[in-house]
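>
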Amino acid sequence: MTAYRPSRWLPGAHAMTVFASVARPLPRPPAVRERWELPDGDFLDVDRFAGPAAGAPVLVVCHGLEGSSRAPYVRGLVALALAHGMAALAMNFRGCSGAPNRLPRFYHSGETGDLGEVVRRLAAERPGRPLVLSGFSLGGNVVAKYLGERGDDLPPEVRGAAVVSVPFDLARSARAIDGPGFWNWVYRERFLRRLRAKALEKAARFPDRLDAAAIRAVTTFAGFDGAVTAPLHGFASAEDYWTRCSAGRFVAGVRRPLLALAALDDPMVPADALPVEAARANPCVELVATTAGGHVGFVSGAPFRPSFWAELRAAAFAAELARAAQAG
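In terms of our numbering, the sequence shown opens at residue 21 and continues consecutively.
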């Protein structure tokens, strides 16, 4: 595929990031919503997109922080996968489908159990059908960590994965967004407004698990992860959560093809947080870092007809893995 050429009409990482998040064209591939009951009594809502042929390879898509299966980047990648002859399934992490999940726990950057359950069910549903995983930002961290922590112990149906704008070092990303500056405040408040609302709803249902006053006082990611993420999910602190769940620690263990796309100007993922040496040392991992692109942006083309290079590259990579699996 051709190298990434950033759109000149979106100068800078923030313009790229914001346009891709709130102003891009929105594909609307037809989906069927399913609710999957989980062994712990909770549930996952997933959107399924039929391929052009029965038994078509499936692309599994994981969204980013406070996204959903209806996020523009998810729909964009799904539309491209369908055009490549694949089917797709877009996960909604717990509490992200529009309905609160049942248990006190949430989702987080290192929660790979639910992705593992999706993979298990899809593999059991049609043994031998190729599966390719994908994820954006937080969802990309989940996918990369899942591959790395499982290593060779993956269902043979999983052929590989493509991830975009992954916060491989959660501590550095949290500190970057918690830092000073107008744009950091914009990104931080956009996420925290939603996260606080969800956490307060949970505190009302489970007052013994969360402190509502502490949640209302949260103004940083460090504060939220310390007040909510860590206590709900068994971490000693925000720092313990960041350390144990950063996908960069697991890159060395990846044993299936993994394409990781990143931008060196990403305002949420510092360039020095990318696992360059670990990727270079692992022949299964291809880390592509472009000079520009922002966070889950990578916009190219004209204003009236933009395209999204990372999604194009990820879809082509997934289709190539699927074709290779089907060929033999």
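Glycine included, each C-beta is placed from N, C-alpha and C at the ideal position.
Buried or exposed, going by whether 16 or more other CB atoms sit within 10 Å of the CB of Gly228?
Residue 228 sits at position 208 when you count from the first residue of the sequence shown. For clarity, residue 228 is Asp in the given sequence; the question names Gly instead. With fewer than 16 other beta carbons inside 10 angstroms of its own, Asp228 counts as exposed.
> Please confirm whether Gly180 and Leu153 have their CB atoms less than 9 Å apart.
Start at 1 with the first residue of the sequence shown, and residue 180 comes out as number 160. Start at 1 with the first residue of the sequence shown, and residue 153 comes out as number 133. Result yes, Cβ atoms of Gly180 and Leu153 sit closer than 9 Å.
> Over what stretch of residues does the beta strand (DSSP E) that includes Thr310 continue unbroken?
Position 290 of the sequence shown, counting from 1, holds the residue named residue 310. Its beta strand (DSSP E) spans residues 305-310.
> Near Pro120, which residues of its chain fall below 7 Å by C-beta distance, leaving aside the five closest residues on each side in sequence?
Locating residue 120 in the sequence shown gives position 100, counting from the first residue. Glu221, listed in sequence order.
> Can you tell me whether Asn121 is helix, strand or coil according to DSSP?
Looking up residue 121 in the sequence shown gives position 101. DSSP places Asn121 in coil when its eight states are reduced to three.
> Quick check on Asn161: does DSSP put it in helix, strand or coil?
Walking along the sequence shown from the start, residue 161 turns up at place 141. Correct three-state label for Asn161: helix.
> Which residues in the same chain as Leu215 place their Cβ atom closer than 7 Å to its Cβ, once the five residues preceding and following it in sequence are excluded?
Within the sequence shown, residue 215 is the residue found at index 195, counting from 1. Taken in chain order, the residues that qualify are Glu86, Phe244.
> So, does the region 268-275 touch the region 295-313, judging by three or more C-beta pairs under 8 Å?
yes
> Arg214 lies in the beta strand (DSSP E); which residues open and close that run?
One-based indexing of the sequence shown puts residue 214 at position 194. Looking at the DSSP string, Arg214 is not in any beta strand (DSSP E); the run it does join, the alpha helix (DSSP H), is 202-225.
> Look at Ala338 and Met106 and say whether their C-beta atoms are less than 9 Å apart.
Taking the first residue of the sequence shown as 1, we reach residue 338 at position 318. Taking the first residue of the sequence shown as 1, we reach residue 106 at position 86. Yes, the pair counts as a contact, with Cβ atoms nearer than the cut-off.
> State the CB to CB distance for the pair Arg386 and Leu252, rounded to an integer number of angstroms; the pair is presumed to be in contact (CB under 8 Å).
The requested residue 386 is not part of the displayed model; the chain covers only 21 to 348.
> Considering just the uninterrupted stretch of the alpha helix (DSSP H) at Met111, what are its terminal residues?
Start at 1 with the first residue of the sequence shown, and residue 111 comes out as number 91. Careful: Met111 lies outside any alpha helix (DSSP H), inside the beta strand (DSSP E) at 107-112.
> What does DSSP give as the partner residue(s) for Cys180 in the beta ladder?
In the sequence shown, residue 180 corresponds to position 160, counting from 1. Per the sequence shown, the amino acid found at residue 180 is Gly instead of Cys. Looking at the DSSP assignment, Gly180 forms a beta bridge with Val152.
> Identify, in the order they occur along the chain, each residue of the same chain with its Cβ nearer than 7 Å to the Cβ of Ala5, setting aside the five sequence neighbours on each side.
Here the chain comprises residues numbered 21 to 348, so residue 5 is not present and cannot be evaluated.
> In its own chain, which residues sit with a C-beta less than 6 Å from the C-beta of Tyr127, not counting the 5 before and 5 after it?
Against the sequence shown, residue 127 aligns to sequence position 107. Leaving aside the five residues that flank Tyr127 on each side, the residues in its chain whose CB is nearer than 6 Å to its CB run, in chain order, Phe113, Arg114.
> How close, in whole Å, do the beta carbons of Ala250 and Ala258 come, if the pair is a contact with beta carbons under 8 Å?
Against the sequence shown, residue 250 aligns to sequence position 230. Against the sequence shown, residue 258 aligns to sequence position 238. With 8 Å as the limit, Ala250 and Ala258 qualify as a contact, their Cβ atoms being about 6 Å apart.
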